[in-house]
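In the working numbering, each residue carries its 1-based index in the sequence shown increased by 13.
Positions of the beta carbon are idealized from the N, C-alpha and C atoms, including for glycine.
On a predicted model such as this, the values are computed, not experimentally measured, just so you know.
This report concerns only the one structure given below.
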Amino acid sequence: GRRTPACASRSIAAYTRLGAAPSRPAASSASTIGCASRRGSNLATALSQLGDAQAAAVAFRRAIELRPRFSIAEYGLGVALENSGDNEGALAAYRAALVSDPRLASAHLNAGRLLHARGDDDEAEVHIAAALQLRPRHARTWRNASNLRADQGRIDEAIEMLRHSISLEPDYAPARARLE
14 GRRTPACASR SIAAYTRLGA APSRPAASSA STIGCASRRG SNLATALSQL GDAQAAAVAF
74 RRAIELRPRF SIAEYGLGVA LENSGDNEGA LAAYRAALVS DPRLASAHLN AGRLLHARGD
134 DDEAEVHIAA ALQLRPRHAR TWRNASNLRA DQGRIDEAIE MLRHSISLEP DYAPARARLE
């Protein structure tokens, strides 16, 4: 779940006290590298939640360096880059995450959203469809798919997708607002 800024600050302080900031471990065993990369990813997530997208991107890159094809860190890097305004870098990170784990619905969703924003609707459609197939009960995915349909002029489909989004999560304000 989402961490509060206070929780994220405590996490960063704890990593620092323990010397767990992401760096290359002395030992090269897979378990040591795996632990270091997970710690790096956790630190990056905490930094991202505090709003320090650039520091989060550095920490996610370190985690990926320690453990290549670490889909969650690649996805996190995409979020951090997107939050810092680097949409092309974010898209590359989401694509890397999908090479590592093609079933990562959130990476499909975010890639589809960015591709749609830049006008690549055919590729956006592929990613949104994959996200819908992987997470058919996720309201946000249905809302994003409806945005794509509405922008394509397919209003009836967009409305049905919004209604479905709301049926999955009745209090989902962004879908309700878009429908009104």
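Where does residue i fall in DSSP's three states?
{"i": "L9", "result": "A query on residue 9 cannot be resolved here, the shown segment of the chain reaching from 14 to 193 and no further."}
{"i": "D184", "result": "coil"}
{"i": "E170", "result": "helix"}
{"i": "Q67", "result": "helix"}
What's the call for residue i, buried or exposed, on a 16-neighbour Cβ count within 10 Å?
{"i": "A188", "result": "buried"}
{"i": "V92", "result": "buried"}
{"i": "I85", "result": "buried"}
{"i": "L175", "result": "buried"}
{"i": "I168", "result": "exposed"}
Taking the alpha carbon of residue i as the point to measure from, which residue in the options has its own alpha carbon closest?
{"i": "E136", "options": "A110, L122, L94, R148", "result": "L122"}
{"i": "L154", "options": "V112, H177, G89, R167", "result": "Note that residue 154 is Thr in the sequence shown here, rather than Leu. Of the listed residues, the one whose Cα sits closest to T154 is H177."}
{"i": "A124", "options": "Y88, R74, A152, P149", "result": "Y88"}
{"i": "A171", "options": "R74, Y185, R191", "result": "R191"}
If contacts are defined as beta-carbon pairs under 8 Å, then residue i and residue j qualify, I think. What distance do you get, rounded to the angstrom?
{"i": "A158", "j": "I141", "result": "5 Å"}
{"i": "L161", "j": "E138", "result": "7 Å"}
{"i": "H129", "j": "D164", "result": "7 Å"}
Do we get a CB-CB distance below 8 Å when we pair residue i with the residues of chain D?
{"i": "G132", "result": "This model lacks chain D altogether; it includes just one protein chain."}
> Where in the region 83-154 do unbroken runs of the beta strand (DSSP E), each at least 3 residues long, occur, reported from the N-terminal end onward?
Replying inline: none
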